[in-house]
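The opening residue of the first sequence carries number 4 in the working numbering; numbering runs sequentially from there.
For every residue, glycine included, the Cβ atom is placed at its ideal position computed from N, Cα and C.
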Amino acid sequence: MPEEGSSALGLFQRYIANKNIFKNREVLRHTYRPSILPHRLPQINSIASILAPALKRETPSNILIYGKTGTGKTASVRYVGSELEKAGREIGHACRVIHLNCEVIDTQYRVLAQIANCLEEEEAGSEKMKSGIPFTGWPTDQVYSELKNQLEASGGVLVIVLDEIDKLVKKSGDETLYNLTRINSELNSSRVSIIGISNDLRFTDFLDPRVLSSLSEEEIVFPPYDANQLCDILRQRAEDAFMENALEEGVIPLCAALAAQEHGDARRALDLLRVAGELADRENTEKVTERHVKMAQDKIETDSLIECVSTLPTQSKAVLYAMLLMKNAGRQVFTSGEVVQVYRDLAQTLDLDILTPRRITDLISELNMLGVVSTRVVSRGRYGRTKEISMEGSMAQISEVLSKDRRFKEQSMMLPSINQMKSVSQMKGFFR
DNA sequence: AATCCACAGGAAGCCCGGGAAC
DNA sequence: GTTCCCGGGCTTCCTGTGGATT
């Protein structure tokens, strides 16, 4: 061991001294693109065969791709896309692929603007000054015609990949897709083909039949990986990521098995392996063990919960805090009406704007989608139809995160609605 | 079979802050 | 500065609904 301060690394010395575990941990991140995608050859081949006409200057069919998260959809499409661009360059037929993530780019304006800006960037390279479409300001039709101009100017075949296309459709309807699918009829020198990637099999219910038939000329399904396939994927990555013998025998099968339970999510499997490695690394041990994997599983869950709750906007935090108070008052499940009541008291005490019940139901639905609470719509006959809400997650963590927000700190306050609930549940306990 | 509760959740529109163009 | 556009958060108004109760 070097003397304290004797190395240039100083304080950091002991954290990077462990060379037993990682060779290259970047390999385990999901942004990393491996050169081989195990168990996805059939899908890759069919995408390639559908896109191949692009190399003959013909318009490839549009494709819809389905599959749960972490089944290799995006990776496969990116792989085929880059191969297509490469092949296009070799034979001198311009083929370009633009990848958009509709979770972020979720309005018509943004989709069109993003495509046009990407095209311009490639066209202009670095030397030419670019005008660029601003992120807001223009009328949408102007963006659309600018995009058409760009396409005409650049020529060739453009493949637009709309990742998480279901988010786009749910948020802003199918107008974007309608416009994109008919853009070819207004183009002379270039062609557009669309690949839609969706986690949700039923999102096509929201589509106009004309859009659907045009968009789903071809459909490809990515089935979930089973535990054995996940093992193969992990082994392949582990080879580059970890030092030799850094992994105990059962580590990879355990990661694979845990992720297989989560609908065969390869991303989850890689996260487990990486975090387990990091934990072992920090412990300065020789090997990653199954214990580390189990610790990693807990850590991933709490970390994402904490991250999620702490980035919530104030009003959502208030709603969540209202639910937390009810839970602490002894209620296991509650209805949206009750949440609204408590929230009202709370917002008043904290001097927040008081939102309407309609807005609160939306916020509750968002919390449900984030997995912080779980809700289900129940009909209680004469007593109406409502949403039953429960929180199974770790209360302690949520409460800790919320109390970091100054406004919610020290709020063991006496809200009338909560007191009422407390006395009701005490009475129930008394009479039982 | 009819009624009716307590909401769910869709549609439209307002307001505000960001920006562009004139 | 004025007038146009976009998008997000929100309200207002509204119709729809499963099943216990009448």
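Below 8 Å, enough C-beta pairs join the stretch 274 to 282 and the stretch 290 to 307 to call them touching: three or more. Ile24 carries a coil assignment under DSSP once its states are collapsed to helix, strand and coil. In this structure the stretch 199 to 216 does not touch the stretch 248 to 263; the number of beta carbon pairs closer than 8 Å is below three. Per DSSP, Glu29 lies in no alpha helix (DSSP H) segment and is marked neither H nor E. For Leu180, the closest of Arg194, Ile198, Leu373 by C-alpha to C-alpha distance is Ile198.
DSSP places Val224 inside the beta strand (DSSP E), whose first and last residues are 221 to 225.
Residue burial is scored here from C-beta neighbours: Ser307 has fewer than 16 other C-beta atoms within 10 angstroms and is therefore classed as exposed. Our two residues, Thr77 and Gln351, have alpha carbons roughly 46 Å apart in a direct line.
Counting C-beta pairs closer than 8 Å gives fewer than three between the stretch 161 to 174 and the stretch 139 to 147, which falls short of the contact rule.
Taking 8 Å as the cut-off, the Cβ atoms of Ile223 and Gln46 count as close. Contact check for Leu190 and Leu154: beta-carbon distance about 6 Å, within the 8 Å limit, so the pair qualifies.
In this structure, the beta-carbon distance from Val376 to Ser393 falls below 8 Å. Nearest to Ile163 by C-alpha distance, out of Ser188, Ala283, Leu218, Asn331, is Leu218. Counting C-beta pairs with one atom in each stretch, the stretch 182 to 189 and the stretch 28 to 36 have fewer than three that are closer than 8 Å, which means they do not touch. The Cβ neighbour count for Arg409, taken over all protein chains shown within 10 Å, is under 16; the residue is labelled exposed.
In this structure, the straight-line span from the alpha carbon of Thr110 to that of Ala90 is close to 32 Å. If you ignore the 5 residues before and after Gln239, its C-beta comes within less than 8 Å of the C-beta of Pro37, Ile39, Pro41, all in its own chain and listed in chain order. Residues of the same chain with a CB within less than 6 Å of the CB of Phe411, apart from the 5 flanking positions on each side, are Tyr324, Leu405 in chain order. For Phe337, the secondary structure class from DSSP, reduced to helix, strand or coil, is strand.
Beta-bridge partners assigned by DSSP to Phe245: Phe25. Counting only runs that start and end inside the stretch 40 to 91, the beta strand (DSSP E) elements of at least 3 residues fall at 66 to 70. In terms of CA proximity to Pro63, Cys98 leads the group Arg43, Cys98, Leu44, Ala262.
In the DSSP assignment, Cys258 falls within the unbroken alpha helix (DSSP H) covering 254 to 264.
Secondary structure note for Glu391: its beta strand (DSSP E) is the uninterrupted segment 388 to 393. Per the Cβ contact rule, the stretch 335 to 354 is in contact with the stretch 416 to 425 (3 or more Cβ pairs under 8 Å). Residue burial is scored here from C-beta neighbours: Lys330 has at least 16 other C-beta atoms within 10 angstroms and is therefore classed as buried.
Note that the C-beta distance between Ile24 and Ile50 is not below 8 Å. Rounded to whole angstroms, the separation of the alpha carbons of Met398 and Ser426 is 22 Å.
The continuous stretches of alpha helix (DSSP H) do not include Gly159, which lies in the beta strand (DSSP E) extending over residues 159 to 166.
The beta-carbon separation of Asp203 and Asp169, rounded to 4 Å, stays under the 8 Å limit for a contact. Per DSSP, reduced to three states, the secondary structure at Val172 is helical. Scanning Ser368, Val343, Met372, Glu369 for the CA closest to the CA of Leu358 turns up Val343. Counted as a single uninterrupted DSSP element, the alpha helix (DSSP H) harbouring Cys311 occupies residues 293 to 313.
One alpha carbon belongs to Met326, the other to Thr305, and they sit about 19 Å apart. Using a 10 angstroms sphere on the CB of Thr184, the tally of other CB atoms reaches 16 or more, which defines it as buried. Counting along the chain, Arg379 sits inside the beta strand (DSSP E) bounded by residues 377 to 382.
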